[in-house]
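J.: Structure provided below as structure tokens; questions to follow.
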Amino acid sequence: AFCPYHIGHFSIVGLGFEEYVQASHFEGLITTIVGYVLLAVTLIICHGLAALVKFQRSRRLLGVCYIVVKVSLLVVVEIGVFPLICGWWLDICSLEMFDATLKDRELSFQSAPGTTMFLHWLVGMVYVFYFASFILLLREVLRPGVLWFLRNLNDPDFNPVQEMIHLPIYRHLRRFILSVIVFGSIVLLMLWLPIRIIKYLLPNFLPYNVMLYSDAPVSELSLELLLLQVVLPALLEQGHTRQWLKGLVRAWTVTAGYLLDLHSYLLGDQEENENNANQQPNNQHARNNNAIPVVGEGLHAAHQAILQQGGPVGFQPYRRPLKFPLRIFLLIVFMCITLLIASLICLTLPVFAGRWLMSFWTGTAKIHELYTAACGLYVCWLTIRAVTVLVAWMPQGRRVIFQKVKEWSLMIMKTLIVAILLAGVVPLLLGLLFELVIVAPLRVPLDQTPLFYPWQDWALGVLHAKIIAAITLMGPQWWLKTVIEQVYANGIRNIDLHFIIRKLAAPVISVLLLSLCVPYIIASGVVPLLGVTAEMQNLVQRRIYPFLLMVVVLMGILSFQVRQFKRLYEHIKNDKYLVGQRLVNYERKSGKPGTSTAPPQSSQE
Numbered sequence: 159a160f161c162p163y164h165i166g167h168f169s170i171v172g173l174g175f176e177e178y179v180q181a182s183h184f185e186g187l188i189t190t191i192v193g194y195v196l197l198a199v200t201l202i203i204c205h206g207l208a209a210l211v212k213f214q215r216s217r218r219l220l221g222v223c224y225i226v227v228k229v230s231l232l233v234v235v236e237i238g239v240f241p242l243i244c245g246w247w248l249d250i251c252s253l254e255m256f257d258a259t260l261k262d263r264e265l266s267f268q269s270a271p272g273t274t275m276f277l278h279w280l281v282g283m284v285y286v287f288y289f290a291s292f293i294l295l296l297r298e299v300l301r302p303g304v305l306w307f308l309r310n311l312n313d314p315d316f317n318p319v320q321e322m323i324h325l326p327i328y329r330h331l332r333r334f335i336l337s338v339i340v341f342g343s344i345v346l347l348m349l350w351l352p353i354r355i356i357k358y359l360l361p362n363f364l365p366y367n368v369m370l371y372s373d374a375p376v377s378e379l380s381l382e383l384l385l386l387q388v389v390l391p392a393l394l395e396q397g398h399t400r401q402w403l404k405g406l407v408r409a410w411t412v413t414a415g416y417l418l419d420l421h422s423y424l425l426g427d428q429e430e431n432e433n434n435a436n437q438q439p440n441n442q443h444a445r446n447n448n449a450i451p452v453v454g455e456g457l458h459a460a461h462q463a464i465l466q467q468g469g470p471v472g473f474q475p476y477r478r479p480l481k482f483p484l485r486i487f488l489l490i491v492f493m494c495i496t497l498l499i500a501s502l503i504c505l506t507l508p509v510f511a512g513r514w515l516m517s518f519w520t521g522t523a524k525i526h527e528l529y530t531a532a533c534g535l536y537v538c539w540l541t542i543r544a545v546t547v548l549v550a551w552m553p554q555g556r557r558v559i560f561q562k563v564k565e566w567s568l569m570i571m572k573t574l575i576v577a578i579l580l581a582g583v584v585p586l587l588l589g590l591l592f593e594l595v596i597v598a599p600l601r602v603p604l605d606q607t608p609l610f611y612p613w614q615d616w617a618l619g620v621l622h623a624k625i626i627a628a629i630t631l632m633g634p635q636w637w638l639k640t641v642i643e644q645v646y647a648n649g650i651r652n653i654d655l656h657f658i659i660r661k662l663a664a665p666v667i668s669v670l671l672l673s674l675c676v677p678y679i680i681a682s683g684v685v686p687l688l689g690v691t692a693e694m695q696n697l698v699q700r701r702i703y704p705f706l707l708m709v710v711v712l713m714g715i716l717s718f719q720v721r722q723f724k725r726l727y728e729h730i731k732n733d734k735y736l737v738g739q740r741l742v743n744y745e746r747k748s749g750k751p752g753t754s755t756a757p758p759q760s761s762q763e
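In the numbering used here, the protein residues as written are 159 to 763.
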């Protein structure tokens, strides 16, 4: 960091670009990157001079140094600069959707440049990630070789670091410019153009309401954290969503292939597919007959299996129809129209459904569009899921349908009871306890009265419960981890209501209620009987919760240390006095008179 920064600083000052770099609010980062670029140029020149004078060792050392600097700069460009460009372009193209202007973004950047750049980088990284995930899904549907112009991440021979080392800089620059053009064009097609169409067809639909009201009693940020951490992952982690998307892509591909006579190009010939299906079991049988590989070969085979699990790799021949370039052009036009219609539906339908449902209990009050979109998305997902389930049940007859409906109704009732206990009562008590132990003593002085908002405490309690559950599952084996693992293993279909209430809900709720009630009874019932002053009584009421937390933590640390000292004592005693260990059979003593058993032998001497 030191040498590249000062090299870049001297160069920027010498060239007179100091004012421009200071105006960027990231003077240190830009200066260091400029220093690295100058170092790379210097290493290239020195490498060429060493090759001319035939200094082989110096040439090899300079080449290795240049490769390190080159790979580092390319990683910064691909992981830092490219997502940042995508994030800013997404923001610029969606300004009208939020009724914002470039002046607003400039003011937000001036007030908090680091946060603004990080948020845009994060949005761009999410966009790039989901785009790559969609390309992987396309490779599972399309014929191998259709997406020849995109790098195949499932190819076991693909090594990005090796590509950075071997390919020259101009090819990396050309690929970077092409990626920016492709990603930017997709943003224009699926964000900017649909927003213009929506504003023209539905003038009152936009803008989305995304204002945060800091003076509201319920923190909007806590609810957004709850939505992003709990609600949306539960929807996105469903395997049905990916299968539905894959089915839609396959249906669109089949339709486009038959309309444009490109079925062989997009999906391959049916005979080829059948031959591949017949060859795969034979290959698998031959692979299973091989000898067991050594450790290195086993790791390599496992690595290749992980890489190849997303779909086939390679190339598959196809039949080329007449006027093939024209058909490919029409395919691209059809794809752009489909993406535009899909984007219009995704931008309007969930929000419209969510606004309509929210209007029943909020009236005309404006709600954050994150909630309306999530509500509408869930309603659409549940509707599609219900329709698919009914279609799957239709051929089985009316009696089977009624039996399934009965089973699902019973399962939904059990799930609602468990949700009320584990997602309602437990997070509320946990959030209230956290408020009393941590938040209120830190934020509210003794001469003021703390105010508690149950809705906000519940929202934060859900996050705390999720964190505690994750830590419990990662920790050592104890009764809570065993119970949670058993509940996860049973799932929703095999939910055991009696087991959950008796082993999980009742103990946890009892512990939380005791943690809330016992300090309150001591502070409000026992302390006034001792005849203390009102100030002391207030002090005890406000500080008893963190004091008891400190006592519990100290008792936990002391018990842990006592166990450690016992283990140390046993270890020292065994090292000094233990001669040997012997395994003996355990013989159960018989209760019949007249029988006797030999005394058990000691396992240690």
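Every residue gets a Cβ at the ideal spot worked out from N, C-alpha and C, and that includes glycine.
(1) Kindly say whether Ala159, judged by its beta-carbon, lies nearer than 8 Å to any beta-carbon of chain E.
(2) Nearest to Leu618 by alpha carbon, out of Phe592, Leu687, Glu643, Leu325?
(3) Tell me where the alpha helix (DSSP H) around Asn732 begins and ends.
(4) From which residue to which residue does the alpha helix (DSSP H) around Glu236 run?
(5) Ignoring anything shorter than 4 residues, give me the alpha helix (DSSP H) runs that lie fully in the region 343-371, in order along the chain.
(6) Do Val620 and Ala581 have their C-beta atoms closer together than 8 Å?
(7) Determine the direct distance from the alpha carbon of Val281 to that of Val669, and round the result to whole angstroms.
(8) Applying the criterion that 16 or more other CB atoms from any shown protein chain within 10 Å of the CB defines a buried residue, is Ile335 buried or exposed?
(9) Measuring CB atoms only, is the region 653-670 touching the region 560-580, in the sense that at least three cross pairs come out at less than 8 Å?
(10) For His526, which three-state DSSP category applies?
(11) Could you check whether Ala414 and Leu406 sit closer than 8 Å to each other, using their CB atoms as the reference points?
(12) Can you tell me which of the three DSSP states Asp257 falls into?
(13) To the nearest angstrom, how far is it from the Cα of Glu298 to the Cα of Leu497?
(14) Is DSSP giving Arg477 helix, strand or coil here?
(15) If you draw a straight line from the C-alpha of Val345 to the C-alpha of Trp247, how long is it?
(16) From this set, Ser673, Gly272, Gln606, which residue's C-alpha is nearest Gly186's C-alpha?
(17) So, using beta-carbon positions, are Leu201 and Gly166 closer together than 8 Å?
(18) Taking Glu321 as the reference, which of Pro686, Tyr194, Phe160, Ile225 has the closest Cα?
(19) Label Trp566 either buried or exposed according to how many other C-beta atoms from any shown protein chain fall within 10 Å of its C-beta, with 16 as the threshold for buried.
(20) Quick one: using the 10 Å Cβ neighbour count with 16 as the cut-off for buried, is Phe341 buried or exposed?
(21) Below 8 Å on the Cβ atoms is my contact criterion, and I expect Leu403 with Leu568 to pass it. Report the Cβ-Cβ distance as a whole number of Å.
(22) Between the C-alpha atoms of Pro352 and Phe184, what's the straight-line distance to the nearest angstrom?
(23) Using the Cβ count rule (16 or more neighbours within 10 Å means buried), how would you classify Leu331?
(24) Looking only at C-alpha atoms, which of Val666, Ser182, Val192 sits nearest to Ile170?
(25) Do the CB positions of Ser517 and Tyr476 come within less than 8 Å of each other?
(26) Please classify Cys244 as buried or exposed, where buried requires at least 16 neighbouring CB atoms within 10 angstroms.
(27) What number of angstroms, rounded off, separates the C-alpha of Gly221 from the C-alpha of Leu308?
(28) Taking the alpha-carbon positions, what's the Phe160 to Leu736 distance?
(29) Taking its Cβ as the centre, do 16 or more other Cβ atoms sit within 10 Å of Asp615, making it buried, or is it exposed?
(30) What residue range is occupied by the uninterrupted alpha helix (DSSP H) comprising His599?
(31) I need the straight-line Cα distance from Ile679 to Lys564, nearest angstrom please.
(32) Tell me, please, whether the region 484-495 touches the region 509-529 by the rule of three or more beta-carbon pairs shorter than 8 Å.
(33) Do you know offhand how far Met552's Cα is from Ile542's?
(34) Going by C-alpha to C-alpha distance, which of Leu418, Cys504, Arg557 sits closest to Thr530?
(35) By how many angstroms is the C-alpha of Ala647 removed from the C-alpha of Arg746?
(36) Quick check: the Cα distance between Gln401 and Gln739, rounded to an integer number of angstroms?
T.: Let me spell this out:
(1) The question asks about chain E, but that chain is absent: this structure has only one protein chain.
(2) It is Phe592.
(3) Asn732: member of the alpha helix (DSSP H) spanning 692-735, first to last residue.
(4) Per DSSP, Glu236 is not a residue of any alpha helix (DSSP H), being assigned neither H nor E.
(5) Runs of the alpha helix (DSSP H) inside the region 343-371: 351-359.
(6) Contact flag set, yes.
(7) Each residue's CA atom was taken as its position, placing Val669 and Val281 some 41 Å apart.
(8) Residue environment: Ile335 is assigned as exposed (fewer than 16 neighbouring CB atoms within 10 Å of its CB, all protein chains considered).
(9) Short answer: they touch.
(10) Annotated three-state conformation of His526 is coil, per DSSP.
(11) For the 8 Å CB-CB criterion, Leu406 and Ala414 do not form a contact.
(12) In the three-state DSSP reduction, Asp257 falls in the coil class, being neither helix nor strand.
(13) C-alpha separation (whole angstroms): 19 Å.
(14) Arg477 falls in the coil class under three-state DSSP.
(15) Each residue's alpha carbon lies about 8 Å from the other.
(16) Of Ser673, Gly272, Gln606, the residue nearest in Cα terms is Gly272.
(17) No, the pair does not count as a contact, with Cβ atoms beyond the cut-off.
(18) Among Pro686, Tyr194, Phe160, Ile225, the Cα nearest to that of Glu321 belongs to Ile225.
(19) Counting Cβ neighbours within 10 Å, Trp566 comes out exposed, since fewer than 16 surround it.
(20) It counts as buried.
(21) The Cβ separation is near 31 Å, so there is no contact.
(22) Those two C-alpha atoms are separated by around 35 Å.
(23) Around the beta carbon of Leu331, fewer than 16 other beta carbons sit within 10 angstroms, so the residue counts as exposed.
(24) With distances taken between CA atoms, Ile170 lies nearest to Val192 out of Val666, Ser182, Val192.
(25) Taking 8 Å as the Cβ cut-off, Ser517 and Tyr476 do not qualify as a contacting pair.
(26) By the neighbour-count rule (16 or more Cβ atoms within 10 Å), Cys244 is buried.
(27) A direct Cα-Cα distance of roughly 30 Å separates Gly221 from Leu308.
(28) Here the C-alpha atom of Phe160 lies approximately 59 Å from the C-alpha atom of Leu736.
(29) So Asp615 ends up on the buried side.
(30) According to the sequence provided, residue 599 is Pro. The question's His does not apply to it. Residue range 598-601 is occupied by the alpha helix (DSSP H) that includes Pro599.
(31) Rounded to whole angstroms, Ile679 and Lys564 show a C-alpha spacing of 46 Å.
(32) Counting Cβ pairs under 8 Å, fewer than three are found: no touch.
(33) Looking at the backbone, the Cα of Met552 and that of Ile542 are separated by about 15 Å.
(34) Checked all of Leu418, Cys504, Arg557; the closest Cα to Thr530 is Cys504.
(35) The C-alpha of Ala647 is placed about 36 Å away from the C-alpha of Arg746.
(36) In this structure, the CA atom of Gln401 is about 58 Å from the CA atom of Gln739.
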